[in-house]
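*Asks:* Starting off with a structure, shown below.
2 protein chains.
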Amino acid sequence: MHQTIDTALGINLLHANQAGADHNREHFDEWGITCLNLMSSPGAGKTVLLEKTLAALQGQLNMAVIEGDMTTELDADRLRQYGSPVIAINTGRSCHLDSKMVAGGIHRLQEDYNPHQFDLVFVENVGNLVCPAEFEVGEHAKVALLSVTEGEDKPLKYPIMFQEADCLLITKLDLAPHLDIDLALLEANVRSMNPDVTIIPVSAKTGQGLDQWFSWIKAQLKVPQALIG
Amino acid sequence: MHQTIDTALGINLLHANQAGADHNREHFDEWGITCLNLMSSPGAGKTVLLEKTLAALQGQLNMAVIEGDMTTELDADRLRQYGSPVIAINTGRSCHLDSKMVAGGIHRLQEDYNPHQFDLVFVENVGNLVCPAEFEVGEHAKVALLSVTEGEDKPLKYPIMFQEADCLLITKLDLAPHLDIDLALLEANVRSMNPDVTIIPVSAKTGQGLDQWFSWIKAQLKVPQALIG
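Chains as they are written, first to last, in the working numbering: chain A, 37 to 265; chain B, 37 to 265.
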């Protein structure tokens, strides 16, 4: 459960979360890990994107996933079949991951593996287009997903997510022909919130755009790719 | 902004919200109004469902809408063309409507109209499958929407919304042929969370299921429909 807080208490809580996020990022930096925080509405396709990404990049990069869900390990189990470690975090009644929860995941990575071995850690956040955008977890970049089924107006109505994103994936592109969606207007609405965000339209079903997504990931790596493998 | 709270503070905040919700409901009861709280992920189709509903039931019922969005009056403007009063509430950084915000909407209905004239008030919540389910606003019933594009697993992963719902609309049924969705499994997952919920599959695009939705609405009315109009 959570509550809207506009007071000094709220500012203190965000400060505490930020301090924890900075501490998490120091760990990642020490180990040469790039951390990407994936966020979207429920059902926009975070998990299937990760499935395609783990399958495509295994052998090239050493990856792990910190998987946030209110309940169940359904998504964690889907991702485990690709061979990378997947740490499941159940948030209970909380609608987002915070830096303390992710610190718990980092400690489990540290206990069970040599953390220096990893190049890339994905954090899959709870499905929510509002709250995760406000809670840094120690990531180096924020990746937002918006499905074409959600409509062109969402960047205007849920501005914080789109303002905070470093990369925006427009997902389920294969469904666009069955919808009354104006993709140019959608992109213009994203740009009005965040002129510099990288926008990549993708379809996990057809594979469209995935190569561009993989290239973007590689450009974020702390350790230059030429040195890997 | 908001924060996860598991403490006595959180319990007090929920108690205060509940007291406000009970007070709102007393107003609705006094005026013979039924209030329905519509909740879903962003883009599941709350606004287009309300458009179809206002268009179909105008002349039969006297309706108003309390429209919650973080920013903009985009949805409120879409609904205003159907002739019913639409009170827009911008929640700012808050990811849900609470009973105090809705009380503000009720007071505006009371100031600008004779509230006894209304049969039905729809509250359209902020698009979020997690948080709105925990904050009663004075509604008589909770209506959740889940789009077929969101996947069968969502009732298991976001249990509170599905446990709290009195009616679940499975929306965008027209897209099902283009998806790998198992509707029987989806319904079974919903029933595992909430055996008694009314489930109505609909498509706002084709009109499928809308008559069943309108019948469900009429069965919720405080004033028996035979007495109306």
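From the three backbone atoms N, C-alpha and C, an ideal C-beta is built for every residue, glycine too. Every value quoted in this text rests on a predicted model; they were computed, and no experiment measured them.
#1: Does Met37/B come within less than 8 angstroms of chain A when only Cβ atoms are used?
#2: Could you pull out every residue in the same chain whose Cβ sits closer than 6 angstroms to the Cβ of Val157/B, ignoring the five residues on either side in sequence?
#3: Exposed or buried, Ala255/A, counting other C-beta atoms within 10 Å across all chains shown (16 or more means buried)?
#4: Give the residues from the segment 183-202 of chain A that approach chain B closer than 8 angstroms (Cβ to any Cβ), ordered along the chain.
#5: Report, in whole angstroms, the separation of the C-beta atoms of Leu133/B and Gly104/B, which I expect to be a contact under 8 angstroms.
#6: So Glu223/A is in the beta strand (DSSP E); what residue range does that whole segment cover?
#7: In whole angstroms, what is the alpha-carbon distance linking His51/B and Ala57/B?
#8: Do you know how far the Cα of Asn230/A is from the Cα of Lys193/A?
#9: So, under 8 angstroms CB-CB, Leu204/B and Val173/B are touching, yes? Tell me the CB distance rounded to an integer number of Å.
#10: My parser needs the alpha helix (DSSP H) runs of 4 or more residues fully inside the segment 161-201 of chain B; what are they?
#11: How should Thr242/A be labelled, buried or exposed, when 16 other C-beta atoms within 10 angstroms of its C-beta is the threshold for buried?
#12: For Pro213/A, count the other beta carbons within 10 Å of its own beta carbon; 16 or more makes it buried, fewer makes it exposed. Which is it?
#13: Starting from the N-terminal side, write out each stretch of the alpha helix (DSSP H) that is 4 residues or longer and does not extend beyond the segment 230-258 of chain B.
#14: Pick out the complete alpha helix (DSSP H) segments inside the segment 50-97 of chain A, 4 residues or longer, and give them in chain order.
#15: What are the boundary residues of the alpha helix (DSSP H) that Met106/B is part of?
#16: Start and end of the beta strand (DSSP E) containing Leu145/B?
#17: Return the bridge partner residues of Ile296/B from the DSSP annotation.
#18: Can Asp218/B and Ala177/B be called in contact, C-beta distance under 8 angstroms?
#19: Would you call the CB atoms of Pro151/B and Met75/B closer than 8 angstroms?
#20: Does the beta carbon of Glu87/B fall short of 7 angstroms from some heavy atom of the ligand MG?
*Replies:* The answer reads as follows:
#1: Reliability fails at Met37/B, whose pLDDT of 46 lies under 50, so the model's placement of it is uncertain and the value that follows must be treated cautiously. Yes, its Cβ sits closer than 8 angstroms to a Cβ of chain A.
#2: Ile69, Cys71 and Ala100
#3: Burial call: exposed.
#4: Ser183, Thr185, Glu186, Gly187, Asp189, Lys190, Leu192, Lys193, Tyr194, Pro195 and Ile196
#5: 4 angstroms
#6: First-last for Glu223/A: Leu219 to Met229, but that is the alpha helix (DSSP H), not the beta strand (DSSP E).
#7: 10 angstroms
#8: 14 angstroms
#9: Actually they do not touch by this definition, with Cβ atoms about 18 angstroms apart.
#10: Given a length threshold of 4 residues, each whole run of the alpha helix (DSSP H) inside the segment 161-201 of chain B is given here in chain order: 190-193 and 195-200.
#11: exposed
#12: exposed
#13: 246-255
#14: 82-93
#15: Careful: Met106/B lies outside any alpha helix (DSSP H) and carries neither H nor E.
#16: Counting along the chain, Leu145/B falls outside any beta strand (DSSP E), though it belongs to the alpha helix (DSSP H) covering Ser135 to Asp148.
#17: Since the first and last residues shown for chain B are 37 and 265, residue 296/B lies out of range.
#18: no
#19: no
#20: Judged by which ligands are present, the structure shown has none, so any question about the ligand MG falls away.
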